[in-house]
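The structure appears below as structure tokens.
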Amino acid sequence: MEIVLQNRNGYRYLGIDGRLDATTSQDADAELRGKLDDCKALVIDLAKLSYISSAGLRVLLIVAKQMQQRGGKVVICNLSETVQEVFDISGFSAIFNVCADIPAAEAAVC
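The sequence shown begins at 9 in the working numbering and counts up by one.
This is the structure in structure tokens:
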């Protein structure tokens, strides 16, 4: 798993590549901890995420809760069919603002 975190036009971009599962979720949580404290607008791009488990969903939920506590916005985009299915089954599609692509996510978060 690889995490890319960048500042972009008025928001922070978070890209996740690979698998976000029980094996990698602790690393992801540790890598993100404290790096989003000053963030008010976050786009999470899952275009390169090949698999997500309940442990991975937990990492995303923690990020979203931290953002919500600060009055920030989180938008998730570019879900593959497999990842979208996990989001739908788990109810995360109703929890998160999910957009089709980065331009739609930028419009929703900014």
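Cβ atoms here follow ideal geometry from the backbone N, Cα and C, with glycine treated the same way.
As the structure is a computational prediction, the values presented were derived from the model and not from experiment.
Annotation: the stretch 36 to 118 contains the following complete segments of the beta strand (DSSP E) (minimum length 3 residues), in chain order: 49 to 53, 57 to 60, 81 to 85, 105 to 107. Spanning the alpha carbons of Gly42 and Gln74 requires a straight line of approximately 10 Å. Residue burial annotation: Asn86 is buried, with at least 16 other C-beta atoms found within 10 angstroms of its C-beta. Listed in chain order, the non-local C-beta contacts of Ala36 below 8 Å within the same chain comprise Met9, Ile11, Ile24, Leu28, Gly64, Val67, local neighbours out to five positions each way being set aside. Beta-bridge annotation (DSSP): Gln14 is paired with Tyr21. Leu69 is not a Cβ neighbour of Ser88, given a cutoff of 8 Å. Counting the other Cβ atoms within 10 Å of the Cβ of Ser62 gives fewer than 16, which makes it exposed.
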